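Everything in the sequence shown is counted per my numbering, starting at 54 for the first residue and increasing by one. Structure first, then comments.
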Amino acid sequence: MALNLAGQGAKLAISDVDAAGLAETARRVTALGADVKSDHLDVTERDAVLAYADEVRSHFGRVNQVYNNAGVAYNGDFEKSEFKDIEKIMDVDFWGVVNGTKAFLPHLIASGDGHVVNISSLFGLLAMPKQSAYNSAKFAVRGFTEALRQEMMIAKHPVKVTCVHPGGVKTAIARNATVGPGEDREASAAYFDQRLARTTAEDAAKIIVNGVRKGKPRVLVGADAKLLDALVRLIGPNYQRVVATVVGRVLPKSN
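In structure tokens, the structure reads:
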């Protein structure tokens, strides 16, 4: 996404907890001629995020858009999952979004033309076995973001709000995922990469940025996201029986 925005001439503030990945992204963005501020940041550290937002505002003079897209994945049956793993997912995937939104919102309002872009997931539209922790975080992001959009409309603040729901995108998220007891990390990652990740990161970025440009309240990324969203809207809660039947047959088995 940073590369796409850089290619359009945006001034960028990028942050990541992964120093090596951050440095590589900064290098590639700089090579495109973009003005970039690059900082190590843990989105679960609220005070650091609040300070970072003020630093970005001071550095560039204004902030027009914020993309809250930090996320980690988890795969495991709830019955066997540990509290610490569930809490980690909520801390990064939900509270990270809340922290970033709260920190930057005053600057977005002050800009006169702001936009909050929060990354949920296909799993913020429907639930899946072994994804109870991730589903919880991504459903929470969706609810939070949709409520925020309505609040901005009622308050007549000059801030648009978009919730993004990517399906399977070719990134390292599955390979870096935490897995619960009895789960095979390699098998789960291989299944995701080979069977589910159909959309390239570049195509996903194009879809997201185009949706933001159009001011869409919801952006679905990938044919899988569109198909499964339609399934949920078509058959309602009965989708759970369909998903449980299909997924129970194809997912790698727990030990």
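A virtual CB, placed ideally from N, CA and C, is assigned to each residue, including glycine. The structure displayed is predicted, hence computed values, not measured ones.
| Asked | Found |
| --- | --- |
| Length at least 4, wholly inside the stretch 218–282: the alpha helix (DSSP H) runs in chain order | 238–244, 254–266 |
| Per DSSP, cross-strand counterpart(s) of Thr215 | Val170 |
| Whole-angstrom distance between Thr97 and Met181, CA atom to CA atom | 25 Å |
| Inter-residue Cα distance where the pair is Arg81 and Ala59 | 9 Å |
| Beta-carbon proximity of Ala55 to Val102, cut-off 7 Å | no |
| Per DSSP, cross-strand counterpart(s) of Leu158 | Bridge partners of Leu158: none, in fact. |
| Gly221 to Ala76 span [Cα, whole Å] | 25 Å |
| Residues that DSSP places opposite Gln118 in a beta bridge | His168 |
| Identity of the residue in His93, Tyr187, Leu178 nearest Ser134 by Cα | Tyr187 |
| Neighbourhood of Leu65 by C-beta, 8 Å cutoff - its chain only, sequence neighbours within 5 removed | Ala55, Leu58, Ala59, Val82, Ala87, Asp88, Val89, Lys90 |
| Inter-stretch contact at 8 Å, needing at least 3 Cβ pairs: the stretch 202–216 / the stretch 239–254 | no |
| Endpoints, alpha helix (DSSP H) assigned at Asp100 | 99–113 |
| Where Asp138 falls: helix, strand or coil (DSSP) | helix |
| Identity of the residue in Leu201, Gly165, Arg302, Gly129 nearest Val150 by Cα | Leu201 |
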